[in-house]
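Per the numbering used here, residue 24 is the first one in the sequence shown, and the count goes up by one each step.
Structure record follows, encoded as structure tokens.
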Amino acid sequence: MTSDLEISTDPQKNINIFASAGSGKTYLLITRICRLLLTGVEPQQILAITFTRKSAAEMKQRLYDRLASWVLMDDAALSDELTHMGETANHDVLAHARELYEKCLFSEQTIRMSTFHSFCEDIIRAFPLESELPTAFELTEQTQQYINQAWQQLLHLSEKNQALAAAMEQLYDQFYGLDNARKALLCFLAARNAWLVLSQGQSKPAEFGYQSLLARLGELEPDDEAWLYQAECRACLDKSMRLLIDNRTPKHAELGAKIADFLARGECSNEEIFARLKPLFLTAKDSARDFKINAQWRAELDDADYQHLITTHQRLCAELLAVLNQRKHSQLLANNQAWYVAGELFVRQYQKVKAQHGVIDFDDLEWETYRLLQAEDNVLWIQYKLGQKIRHFLVDEFQDTSAIQWQLLKPLIESSQEQQINTAASLFLVGDSKQSIYRFRGANPEIQQLVADWSQRNLASQQLSNDHSWRSSAAIIDFVNDVFSSPALQQRVLGFRPHSVEHTSLWGWVKILPLLAYPEQQDKEYFRNPLTTARAANTHTPYYNEGRQIGQEIQALITQRTPIYAGGKYRPVRYQDMLILVATRAHIEDLKQGLISCDVPLFGHDKNKLLDYLEIQDMVALLGILIDPYDDQKLCHVLRSPLFAVTDQDLISIKQIDSPVWMEKLSQLSTMLEDDHPLRSAYTCLADWQAMADQLPVHDLMNRIFTQLHVLKRYRSICKAEDGPQIVARLQQFLQQCLALDSGRYSSIERFLTQLREINPDAHMQADQNSDYVEIMTVHGAKGLEAPVVILADCGPSDGRSDPYWTEIDWPADSDTPQHMMLAYAEKSLSDRGKDYLQSIQPSTDEDVNLMYVAITRAKQILIVSGAQSARGGKQHWHKEICSALGIEQDEVYFKQTSAVPALADEHYSAQTLTPSVDFAADLFIPLDRPVDAEHNPSEPTVASQDGIIVHKILECLATAEMEDQALLNRLALDCQLRPDHTRFSQLKQQALRCMQDETIATVFTLNDQQQAYNEIAIAHNQSVHVIDRLIVDREQAWIIDFKTQQQVDLNNIEHECEKFSDQLERYRAAVRSLYPTLSIRSSLVFTSIPLLIDVAG
């Protein structure tokens, strides 16, 4: 019977797989690639696409690991694996399988495993003339500085362009200021690809966009003859006023008095009537106010008066709501019309700025590729231009595909299927609509089903599903089935089917903690002296309390030595086995403070900016003082920082020097101090660096400072052990920014600091693999991760959507282009038609429920759910939905585990402990005169190593054809970036010619049909990279040749010279053996000055 694995990975079939979390999607994709290679498909004919660099790297690593393992397997094990995949395992197939690793590793055009954007970049670089992008563009991820420049140009343009000025004024007035107007336009900029597709070919794109939206929403004309504005309405109000004033209830009497005040004003404009009556009859949330008559008053009123009061109130509310809805609708249309005008020009300015700087962003890659592929003639030409004929398409995480990505991929797939080539083309798509959580990036989960149906009609593809979890315990999967099979949630999640589990015996449990009550508010401390009193931590928020509750649960897991299955046995849990997930970052800081109060070691993926951190502010202050020595505040900042770590008493000593400028004070004081005094050392360094500031590029200057002061070690010495990796990572990122900004040009310090402040990139976070800590991150950041213990935090009521404006794109999954694009904002400000329209274009799946599914399925053994009540209450939230699905109350503890607690494999196991934290103290700083082990930096290439490269290249060239000296020199400059002087080149060429005349050495360059040679090949082995001059491989032997150009070599000392290089050759042999474990290894040295080839045995 054919298994699902055999069917889904069959290279002859087109397959669409809907695979749930933990079901092995990547395993299937890698197996599919392996089977393609086994059937003889060339590596360059395979394209595997995913959505992140991390996923692409993991995919590539897993493929090469699989192929490498086949080389080392015996026949029986390899035969079993191939048979399990669905391949026939005969002698020839086994031999072919073992050759695939080398074939893929050394293929000039290997398997393309990349992100969508990387693939788009390859296409665009192959079409520099057809593309509208700069011919030598640079791809950038840091776009903020270009956005800022485009914004400034847009504002300047509004002074000359009346239409733009009117649009900006509309946005300014309606969105309460320029900052909010900019936020709205940034939404347009973020959705520019959809806009470019929508308005493609239109001479007046902004007008076209508005007319399209107007046709969809329609207009609502104001009704100037409405009853609200008629004399009859005033008469009704007059009667109601008299009845209300006569009432003894203060609330009704107050309403009557306000109506009387309105009537006393006499005739009013329609605008004034609406403005004065609206707050009387409608709430701040634009709903009708309640109007109740108590029993006592009702008994005093006759029926006619009672009906008059009720009817008048209801009619007034209805009239006011109708007018309000019309105004909101007109405002919605006017806002969007202005948004189209200003947004379209904003996009133009942004594209212009990037073109001036020669850079593009990721959206440009998608748009240009889409545009190129719209011309049918381009499809085959693109494949030819790329130097490969892509025949096999594999896409992972297909549920994250956007409409434009599918539109650029579709013509390539169609083209590959239509071409009549020896091998059939194939398509393999795998994804899970339940894990679609990137709608804000344009992902549409409905595309997956649409493409599955399209490929079934056009490519005879098969649609398969896989809901079998290889990740989680039965406790987790039972919980998933119980929650998402409930009627309330099943209709909100697309395509959920009950999951099965592979590891039925894996122990685990699920616990739902009670929803924490909102704490009583404490009196705030409004005034404090910031010089003497630190800001007190807010320990009275519900989320701080929740963090403490989670911290107590974590410490209980550690204390109780909770079993975790790892490496084939159960061991006690560690902090690093735990992952805390939150849906948003709104309350993450309060949660972290609560966790820290319970002594939980944390690693958080903060979204802080680089300049937010003190160590980076130290670097910025240092650069500032180098270009402005008279900035006393920056000087004190630098001196007191870990760079120099001077004391308060040292600063007082500087202050006492009689001089108006602190740098001059420091200069005078330094002459009075001992050579090893920190202030003297500081002045010497600063003076030297100031002299270099105008001569060296920023990166070179900072690199010298980092080396001279051992900056990384200094900062590591004063921080807590768990903070060290983060501080070092951020300092290294600062160095990278010094080189990256301004495209690595020789930027001045002033220009660098200006650009850095404009961009202010997100700070890099780096985990220390040797530390034991709990990670806390968002669910979006955890996509693709898993952990033995997962804690869902902040599952209580949320404050709703945080962004005030966003773009809604109406791009149906079955449409080639978007239908409309609209600026959306708070529901309260939208008309009924606007609300209905937004509701109509929402996807059939609920992304919030998808997010909850992704979060739960990260857990392997243990899941804990926690939440806290908010001040505003809230409607639906994860804690409430989970409890409702399980039929439990939110104030009770839910606990369910599978089987008994397993015994630990090693009862003498001692849990890992963190390195003790180091408190700040001045004497922990490393003095400038104290030697510090500098970081290892590779030295510059020696003359000997350069000579070896030159001789090797000359030998390689002469072995193929005679070449003139100038041609050889040009080849050296091109291939090796070396330009030796004429005398040196002549000497080395003579050495090479003598080598070629030696019959033994000549065999190094005379290959037979079965031999393949690799020059300057780099092999990674044992955490080192070994560069071998020449490697010759055939079916039986791998031959290592290393060229030596030493002049002081003769036959009398040759054995001694060989002995000097024996360790180096042994490392080379070990590295080559890791690639070719079945081949014999030969290693030889070629001494070019003698010349002589001599074998060196292992």
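Glycine is no exception: its CB is placed at the ideal position from the N, C-alpha and C atoms.
Predicted model, so just to flag it, every value in this text is computed and none were measured.
Name the residue from the options whose alpha carbon lies nearest to the alpha carbon of residue i.
i               : options                           : result
glycine 617     : Ile587, Gln575, Met642 and Tyr588 : Gln575
glutamine 756   : Ala483, Leu634 and Gly289         : Leu634
lysine 262      : Glu277, Glu798, Ile282 and Leu70  : Ile282
glutamate 342   : Ala311, Ala112, Ala80 and Gly224  : Ala311
isoleucine 1064 : His1049, Trp320, Arg321 and Glu29 : His1049
histidine 336   : Leu278, Pro925 and Arg371         : Leu278
leucine 614     : Val797, Cys291, Leu395 and Ser31  : Val797
serine 838      : Leu874, Pro748, Asp501 and Ile427 : Ile427
valine 802      : Asn317, Tyr848, Asp871 and Ser141 : Asp871
proline 66      : Gln472, Leu395 and Ile134         : Ile134
histidine 275   : Ser235, Ile316 and Phe297         : Ile316
By a C-beta neighbour count over all protein chains shown, 10 Å radius and 16 as the cutoff for buried, is residue i buried or exposed?
i              : result
tyrosine 414   : It should be pointed out that residue 414 corresponds to arginine in this sequence rather than to tyrosine. Burial call: buried.
aspartate 1052 : buried
glycine 232    : buried
alanine 606    : buried
lysine 688     : buried
glycine 647    : buried
proline 521    : exposed
asparagine 467 : buried
alanine 934    : Its pLDDT being 43, under 50, alanine 934 is placed unreliably in this model, and the value from its coordinates should be taken loosely. Classification of alanine 934: exposed, given that the 10 Å Cβ count is below 16.
lysine 377     : buried
proline 665    : buried
serine 940     : Because the pLDDT of serine 940 is 37, which lies under 50, any placement of that residue in the model is unreliable, and the question is left without a value.
glutamine 1035 : exposed
When the cut-off is 9 Å and only beta carbons count, does residue i lie next to chain C?
i           : result
alanine 341 : Absent from the structure: chain C. Only one protein chain is present.
Along the chain, where does the alpha helix (DSSP H) containing residue i start, and where does it finish?
i               : result
arginine 1139   : Limits of the chain in this structure are 24 at one end and 1121 at the other, which puts residue 1139 out of reach.
serine 1047     : That residue, serine 1047, is in no alpha helix (DSSP H); its beta strand (DSSP E) goes 1047-1056.
threonine 334   : 326-380
alanine 786     : First-last for alanine 786: undefined, no H or E at that position.
isoleucine 1077 : 1077-1083
arginine 663    : 655-663
valine 751      : 747-763
aspartate 216   : Residue identity differs from the one stated: residue 216 is asparagine in this sequence, not aspartate. First-last of the alpha helix (DSSP H) with asparagine 216: 215-221.
methionine 191  : 185-197
glutamate 513   : Looking at the sequence shown, residue 513 is not glutamate but glutamine. Counting along the chain, the alpha helix (DSSP H) containing glutamine 513 begins and ends at 510-513.
Give the range of the beta strand (DSSP E) segment to which residue i is assigned.
i              : result
lysine 1067    : 1060-1067
tyrosine 848   : 843-848
tryptophan 532 : 531-535
aspartate 387  : That residue, aspartate 387, is in no beta strand (DSSP E); its alpha helix (DSSP H) goes 385-396.
proline 595    : 592-595
aspartate 833  : 828-833
leucine 417    : 415-418
tyrosine 567   : Counting along the chain, tyrosine 567 falls outside any beta strand (DSSP E), though it belongs to the alpha helix (DSSP H) covering 565-582.
Would the C-beta of residue i count as close to the ligand COA, meaning under 8 Å from any of its heavy atoms?
i             : result
aspartate 723 : Here there are no bound small molecules, and the ligand COA is not part of this structure.
Determine, using beta-carbon pairs with one atom in the region 270-277 and one in the region 245-261, whether at least three such pairs fall under 8 Å. Verdict: no, contact absent.
Note down, one range per segment and in chain order, each alpha helix (DSSP H) of at least 4 residues found wholly within the region 852-887. Counting whole runs of 4 or more residues, the region 852-887 contains the alpha helix (DSSP H) stretches 855-863 and 870-879.
Stretch pair the region 805-818 + the region 599-610: three plus CB contacts closer than 8 Å: Cβ pair count under 8 Å is three or more, so yes.
So, does the region 414-426 touch the region 47-59, judging by three or more C-beta pairs under 8 Å? Taking one beta carbon from each stretch, the region 414-426 and the region 47-59 have 3 or more pairs nearer than 8 Å; the two touch.
Could you say if the region 24-42 and the region 476-484 meet the contact criterion of at least three C-beta pairs nearer than 8 Å? When C-beta atoms of the region 24-42 are compared with those of the region 476-484, three or more pairs fall below 8 Å, so the two segments count as touching.
Please go through the region 72-149 and give each complete alpha helix (DSSP H) segment of 4 or more residues, from N-terminal end onward. For the region 72-149, the continuous alpha helix (DSSP H) assignments of 4+ residues that do not extend past its boundaries occur at 76-95, 98-108, 114-129 and 139-148, in sequence order.
Between the region 383-399 and the region 160-174, do at least 3 Cβ pairs fall closer than 8 Å? The region 383-399 vs the region 160-174: in contact.
So, does the region 1030-1046 touch the region 1090-1097, judging by three or more C-beta pairs under 8 Å? Taking 8 Å as the limit for Cβ pairs, the verdict is that the region 1090-1097 does touch the region 1030-1046.
Can you confirm whether the region 355-372 touches the region 207-215 when touching is taken to mean that 3 or more C-beta pairs between the two stretches lie within less than 8 Å? Result yes; three or more Cβ-Cβ pairs closer than 8 Å.
Cβ contact (3+ pairs, closer than 8 Å) linking the region 76-94 and the region 454-473: Verdict: no, contact absent.
Length at least 4, wholly inside the region 607-653: the alpha helix (DSSP H) runs in chain order: Here the runs fully enclosed are 611-620 and 637-650.
So does the region 483-491 actually touch the region 862-882, counting three or more Cβ pairs closer than 8 Å? With a cut-off of 8 Å, the region 862-882 and the region 483-491 do not count as touching, because too few Cβ pairs lie within range.
Contact the region 634-644 vs the region 568-586: 3+ CB pairs below 8 Å: With a cut-off of 8 Å, the region 568-586 and the region 634-644 do not count as touching, because too few Cβ pairs lie within range.
Taking contact to mean at least 3 C-beta pairs separated by less than 8 Å, is the region 972-983 in contact with the region 1006-1018? When Cβ pairs closer than 8 Å are counted between the two stretches, the region 972-983 is seen to touch the region 1006-1018, the count reaching three or more.
Between the region 489-505 and the region 835-848, can you find at least three pairs of beta-carbon atoms closer than 8 Å? No, because fewer than three Cβ pairs between the region 835-848 and the region 489-505 fall closer than 8 Å, the two stretches do not touch.
Stretch pair the region 81-93 + the region 114-126: three plus CB contacts closer than 8 Å: The region 81-93, when compared against the region 114-126, does touch it at the 8 Å Cβ threshold.
Mind listing, in chain order, the continuous alpha helix (DSSP H) runs of no fewer than 4 residues lying wholly within the region 673-761? Listed in chain order, the complete alpha helix (DSSP H) runs (minimum 4 residues) inside the region 673-761 are 685-693, 701-716, 721-732 and 734-741.
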